[in-house]
Each structure stands twice: as structure tokens, then as C-alpha cells.
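Enquirer:
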Amino acid sequence: MRRFVRLLFVVVLPALLFAQDFWVDLERLKDEISERGKQMEYVYGLTDDIGHRLTGSPGAEKAENAVVDWLKALGLENVRKEPFRMEARWSRGTASAQIMSPVSRALTVASYTWTPSTPGTGVQGHLVDGGTGKPEDIAAVKSRMRGAIVLVAPAGVTLDEVIGNFYRTPLYVEECAKAGALAVLIASDKERTLLYTAPVSFNAKISPVAALAIAREDVELLRRLLNRPAKPGSTSDVRIRVAVKNTVDSPFLANNVFGEIQGSEKSEEVILLGAHLDSNDLGPGALDNAAGCAALLETARAIKALGLQPKRTIRFVFFMGEEEGMIGSTEYVKRHLAEMDNFVTNITMDIGAGRPLGWFSMGRTDLDPEIRAFMESQLYHPDSVMIVNAAFAATDNAAFMAAGVPNLVLLQDDASYFPVHHTAADTPDKIVLEDFTACVTTVAMTAYLIASQEERFGRRLTQSEIEDMMNASKIEYQWRAANIWPLQ
Ligand SMILES: [Zn+2]
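Okay, so the sequence shown: first residue is 241 according to the numbering used here, each after it adds one.
Following this line, the structure appears as C-alpha cells:
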């Protein structure tokens with residue numbers, strides 16, 4: 241009898257009392273992921289087994305199918321693919337560039353996404369230095385661009401600068417093409433000849449001229465040659481030859497993939513946990529963004545393994561087309577626009593696997609107290625202390641932001657991310673398990689907490705509040721360039 245009473249007080253009663261307390265659930269979730277998490281298995285599955293996942297590639301299709309299989313095996317509900325149209329299918333072929341004079345040298349280059357093939361066997365022209373690609377730099381050398389190869393070296397390494405450069409690329413490439421340039425060489429911002437590429441246009445538009453990443457060591461060489469005084473009797477021209485062969489095929493359907501853990505009480509209210517399944521094609525995209533996808537899969541696995549039941553529905557969405565201009569997530573929001581009142585929060589992970597430092601709240605200072613409250617819980621990583629309100633369109637939260645849905649992007653230590661993202665070196669060995677696991681537990685606990693707490697997290701902004709936020713954060717240009725704004 242005494243043993244029974246003891247059992248009652250020590251085990252049964254607390255279990256009953258706290259069964260509904262989601263703080264206990266959060267602790268169990270954290271332990272499950274930390275001790276038995278399969279996040280690295282999912283990363284290896286997407287990278288080592290499949291490889292790069294550029295939208296429209298065989299790897300992308302394999303990844304879509306693999307996620308469907310994983311979600312079904314985990315027992316999620318409403319697992320499906322939702323197709324959306326991509327206006328063209330681009331595949332990388334070959335790209336080469338050489339200095340023809342005053343010296344003879346091969347250059348290290350790779351096509352930006354949406355770069356066409358060069359005509360015939362290639363193009364050849366004199367080199368023009370387009371500075372950082374800013375309008376004043378381009379304007380200063382425009383008169384010398386006809387028949388030229390233009391070199392651009394965008395400056396800056398901060399997140400703001402990287403995003404600014406990302407949005408400026410299509411503008412200066414188009415300006416150069418209009419002025420008669422034959423190709424544009426864009427300095428890679430990575431070290432030791434590593435090439436970084438990105439889309440040269442939005443919405444699957446083929447670039448008017450070839451745009452190629454070029455290794456920064458080669459940029460230095462080209463600038464030394466350009467700045468050499470001409471030898472008597474010769475010109476100071478540096479001549480470059482560029483030859484590109486890429487494939488552009490007709491429109492096709494790519495698929496966002498999703499599955500749900502349905503809410504037990506307010507199942508119509510949805511917490512969307514999102515990451516992009518596609519990758520750049522120079523490497524297997526381990527940090528960008530197999531890590532984010534693995535965090536979603538592990539969150540789903542751990543919740544299911546523990547038999548936890550959130551009050552609201554958690555929808556796990558794996559977006560395609562992100563690397564080619566956030567196409568999948570924009571299409572998703574446009575298609576589901578009538579349901580956006582039911583979207584409580586969009587949570588996105590897309591800055592690699594470095595330790596969690598807090599959240600980007602994307603223009604929403606009104607969310608600060610609520611974010612602060614759960615960040616201050618003992619369960620969160622001790623370094624998770626920051627809320628950054630800046631709004632920018634650089635990953636799949638962007639269209640949700642334009643729809644007024646509260647959106648959180650995991651703020652992470654990006655020291656391991658920016659040196660390799662969009663390069664051949666974005667491989668699983670860059671992941672530090674302890675840091676990555678802290679990201680996964682943060683994402684999982686936050687999604688579960690928002691899904692299970694009594695009060696609804698934040699609120700959807702009205703149209704005029706969205707416009708105020710857009711004007712205050714100067715994000716309109718980014719939204720328009722990426723075909724996000726206006727949403728209808
Ligand atoms: Zn990404």
C-alpha cells in the first residue's frame with residue numbers, strides 16, 4: 241500500500257497534473273532531439289545520397305519524393321506535393337574564360353543561374369572595370385562597354401550588403417547588356433578561388449548576356465593588368481574570351497512538399513514551419529538548406545515519437561524554387577491567400593547550422609514581448625538573446641511578411657555559413673553537431689510552444705499596416721523585384 245501511495249504521488253499524479261503543461265512537453269522535446277535526434281541522417285540523405293537539388297534537376301525531384309516518403313513514414317497527415325509553374329528549366333553546362341592578352345591565362349569561372357549560352361564558339365572583347373556595380377560605377381564606364389567583357393566586384397560582407405548585392409545583380413547585368421557588353425564577370429565574395437553563384441534574374445528570366453562568377457584571385461590579377469602602364473607601341477587593353485554552354489528548357493511543374501501534425505483543439509489555426517528543399521547547384525547545399533529541412537523533419541519525428549499533441553496544427557513545408565527567387569514560397573502564399581487569417585506564424589530556418597542567437601522578427605516590433613518571453617525560458621540556448629527587427633526579402637518568409645503574417649526567421653551565428661554558401665564547399669562536414677542540434681531544438685520548441693500556448697501568437701497586419709511596414713523598412717523594391725508585391 242505504501243508503495244502504491246508513493247507511486248501515486250511521485251509518478252502518477254505529477255504526470256496527470258502536468259500532462260497538459262506544454263513546458264513539460266518542451267523539455268521532453270528538447271531531450272528527444274538532443275539525445276536521439278536524426279537531424280544528421282536527414283542532412284546526409286539530402287546531400288550525400290541526393291546531391292544538389294536545383295529546382296528542375298533530377299536531384300530536386302528525388303528530394304521531393306524523399307521528403308514525401310519521410311513524412312509519410314513519420315505518420316504525418318495531409319502529406320502532399322503542391323505543384324507550381326517554373327517558367328524555364330535551367331541546367332548548368334560548361335563555362336570557361338581566358339585572358340588572351342597581354343598574357344595568356346585560364347580564369348576560374350562558373351555561370352550564374354539563368355545565364356544563357358554565349359553565341360557560336362564564344363565571345364571575345366576588351367575588359368572594362370565596372371567597379372562595384374553601383375549605378376555610378378556602371379555609368380562611369382558605359383561609353384566603353386560596346387563589345388566589352390565587364391568586370392564587377394560588389395563590395396561588402398555583412399548580411400545587408402550581401403542582400404543588397406543580390407538585388408543589384410540583375411540591374412547592372414541588364415545595364416551592361418543594354419550598353420553592348422558581351423558578358424559580365426562578377427567577383428566571387430568567397431576566399432581561396434571558391435566560386436559563389438546566385439540567380440542573375442528573378443522569375444526564371446534568362447539573362448540578356450552571360451554572367452559568370454570569377455574567383456577573387458583572378459579579379460586581382462585582372463585589375464593589376466588593367467592598371468599597368470601600357471608598353472610603348474602597344475595598347476593597355478586586356479582581352480578576354482568567354483565561352484558558355486548552358487541548357488534552357490521549356491516551363492515545368494516543381495513541387496512544394498508538405499505534411500501536418502494536426503492540432504487537437506484549434507486545428508484550423510496553422511503554425512507553418514518552412515525551409516527550402518532546393519539548393520544552388522555548385523555543391524550539395526548542406527548548410528543552404530539541407531540543415532533547415534533536416535530541422536523540420538527532426539521536429540516532426542520527435543513530436544511524433546513522443547506522442548505529443550499540439551493544440552494548433554503544425555504544417556511542415558519544404559519549398560522549391562527558393563534559390564531562383566523564392567518562387568515556390570511566393571506561389572504558396574498567393575495560392576493560399578484566402579487562408580492567411582488562419583496562419584498564426586511562419587517560422588523559417590535558412591542561415592545554415594550555426595548556433596541560434598535569437599530571431600529576426602522582420603519589421604514586427606509588436607512581437608518583441610512575446611518573442612522575449614519564450615526566449616528567456618531556461619530551455620532556450622543561452623546565446624539566444626537577440627531580436628532583430630530589420631525586414632528583408634532573402635528567404636521563404638518574404639511573401640508571408642507581405643501577407644501580414646507574423647514571421648520569425650531563426651537568427652544564427654553565420655560564421656560558418658557565409659564563407660561557403662552557394663559554393664562547392666557547402667558540405668555536411670561544415671556542420672558542428674552541438675550548434676546544429678541547438679538550432680533544431682529551438683525551432684522545434686518554438687513551433688510547439690506557439691502551437692500549444694493558450695493565447696494566439698501575434699496577429700495578422702491589416703493592409704495599411706503592411707504598407708506602413710513596407711515603407712518604413714524600404715522593402716518594396718525587393719518585394720517587387722521578386723514578384724511578391726502586390727500579392728494579388
Ligand atoms: Zn537558403
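Glycine residues also receive a C-beta, built at the ideal position from the N, C-alpha and C atoms.
Below 8 Å, how does it come out for the region 490-504 and the region 340-353: are there three or more Cβ pairs, yes or no?
Expert: Contact fails: fewer than three Cβ-Cβ distances are below 8 Å.
Enquirer: Here's the rule: buried if 16 or more other CB atoms are within 10 angstroms of the residue's CB, otherwise exposed. What is E670?
Expert: A small correction: the amino acid at residue 670 is Lys; Glu does not occupy that position in the sequence shown. K670 should be labelled buried.
Enquirer: Could you check if E562 belongs to the surroundings of ligand 1, using beta carbon to heavy atom distance under 7 Å?
Expert: At least one heavy atom of ligand 1 is nearer than 7 Å to the Cβ of E562, so yes.
Enquirer: Thinking just about the alpha-carbon of each residue, which of V557, L465, E564 and R463 is nearest to the one in I446?
Expert: That would be E564, whose Cα lies nearest to the Cα of I446.
Enquirer: What are the start and end residues of the beta strand (DSSP E) that includes D805?
Expert: With the chain covering 241 to 728 only, the question about residue 805 has no answer from this structure.
Enquirer: Relative to ligand 1, is the shortest distance from any of its heavy atoms to the C-beta of H366 smaller than 7 Å?
Expert: H366: no, Cβ never under 7 Å from ligand 1.
Enquirer: Please confirm whether L650 and W599 have their CB atoms less than 8 Å apart.
Expert: Their beta carbons are under 8 Å apart, which means L650 touches W599 by this criterion.
Enquirer: Which partner residues of H366 appear in the DSSP bridge assignment?
Expert: According to DSSP, H366 bridges with A388 and R479.
Enquirer: Identify whether A494 lies in helix, strand or coil by the three-state DSSP scheme.
Expert: If DSSP states are grouped into helix, strand and coil, A494 belongs with the strands.
Enquirer: Buried or exposed, going by whether 16 or more other CB atoms sit within 10 Å of the CB of V368?
Expert: With 16 or more other Cβ atoms within 10 Å, it is buried.
Enquirer: Where does Q703 sit, in a helix, a strand or coil, going by DSSP?
Expert: Of the three classes helix, strand and coil, the one that applies to Q703 here is helix, per DSSP.
Enquirer: With 16 other CB atoms within 10 Å as the buried threshold, where does D636 fall?
Expert: Under this definition D636 is a buried residue.
Enquirer: Would you kindly work out how many angstroms separate the C-alpha atoms of F406 and A438, rounded to a whole number?
Expert: Cα-Cα distance, rounded: 8 Å.
Enquirer: For S351 versus L452, is the C-beta spacing smaller than 8 Å?
Expert: In contact: S351 and L452 (Cβ atoms closer than 8 Å).
Enquirer: On the criterion of 16 or more Cβ atoms from any shown chain inside 10 Å, does R293 qualify as buried, or is it exposed?
Expert: So R293 ends up on the buried side.
Enquirer: Going by the C-beta, is T663 closer than 7 Å to any heavy atom of ligand 1?
Expert: Not under cutoff, so the answer is no.
Enquirer: May I have the straight-line CA-CA distance separating R552 from I587, to the nearest angstrom?
Expert: The straight-line gap from Cα to Cα measures roughly 14 Å.
Enquirer: Tell me the rounded alpha-carbon separation between F583 and I724.
Expert: Cα to Cα, the separation comes out at about 18 Å.
Enquirer: Does I446 come out as helix, strand or coil in the three-state DSSP assignment?
Expert: Coil.
Enquirer: Thinking C-alpha only, which one of A450, K471, D477 and P472 is nearest L462?
Expert: Selected option, being the one with the closest Cα: D477.
Enquirer: Under 8 Å, with one C-beta from each stretch per pair, do the region 526-542 and the region 355-362 reach the 3-pair mark?
Expert: As far as the Cβ criterion goes, the region 526-542 does not touch the region 355-362, which means the pair count is below three.
Enquirer: Below 8 Å on the Cβ atoms is my contact criterion, and I expect K278 with E304 to pass it. Report the Cβ-Cβ distance as a whole number of Å.
Expert: Wrong, their Cβ atoms sit about 20 Å apart, outside the cutoff.
Enquirer: Can you tell me whether DSSP reads A255 as helix, strand or coil?
Expert: Bear in mind that the predicted position of A255 carries a pLDDT of just 46, short of 50, making it too unreliable to give a figure here.
Enquirer: Report the residue from M560, V484 and I690 whose alpha carbon sits nearest the alpha carbon of G503.
Expert: Of the candidates M560, V484 and I690, the one whose C-alpha sits nearest the C-alpha of G503 is I690.
Enquirer: Rounded to whole angstroms, what's the CA-CA distance from E705 to F697? Just pull it up for me.
Expert: Their Cα atoms are separated by approximately 17 Å.
Enquirer: If you measure from the CB of T635, is any heavy atom of ligand 1 nearer than 7 Å?
Expert: Answer for T635: yes, Cβ within range of ligand 1.
Enquirer: With H, G and I counted as helix, E and B as strand and the rest as coil, what does DSSP make of T433?
Expert: Note: T433 maps to coil in three-state DSSP.
Enquirer: Looking at the structure shown, is V250 part of a helix, part of a strand, or coil, going by DSSP?
Expert: At V250 the pLDDT is 49, less than 50, meaning the model places this residue with poor confidence; the figure from the coordinates comes in the next sentence. Helix.
Enquirer: Can you grab the Cα-Cα spacing for the pair R408 / K506, in whole Å?
Expert: Cα-Cα distance, rounded: 43 Å.
Enquirer: Less than 8 Å between the beta carbons of I554 and A643, yes or no?
Expert: Contact: no.
Enquirer: Between the Cα of T539 and those of D675, L513, D521 and F559, spot the shortest distance and give me the residue it belongs to.
Expert: Considering only alpha carbons, the answer is L513.
Enquirer: Please determine whether the Cβ atom of H516 lies at a distance below 7 Å from any heavy atom of ligand 1.
Expert: It does: the Cβ of H516 is within 7 Å (strictly closer) of some heavy atom of ligand 1.
Enquirer: DSSP three-state label for M560, please.
Expert: Three-state result, M560: coil.
Enquirer: In whole angstroms, give me the CA-to-CA distance for M385 and V440.
Expert: Those two C-alpha atoms are separated by around 19 Å.
Enquirer: Does M685 come out as helix, strand or coil in the three-state DSSP assignment?
Expert: It is helical.
Enquirer: Is any heavy atom of ligand 1 found at a distance shorter than 7 Å from the C-beta of D265?
Expert: No - ligand 1 has no heavy atom lying nearer than 7 Å to the Cβ of D265.
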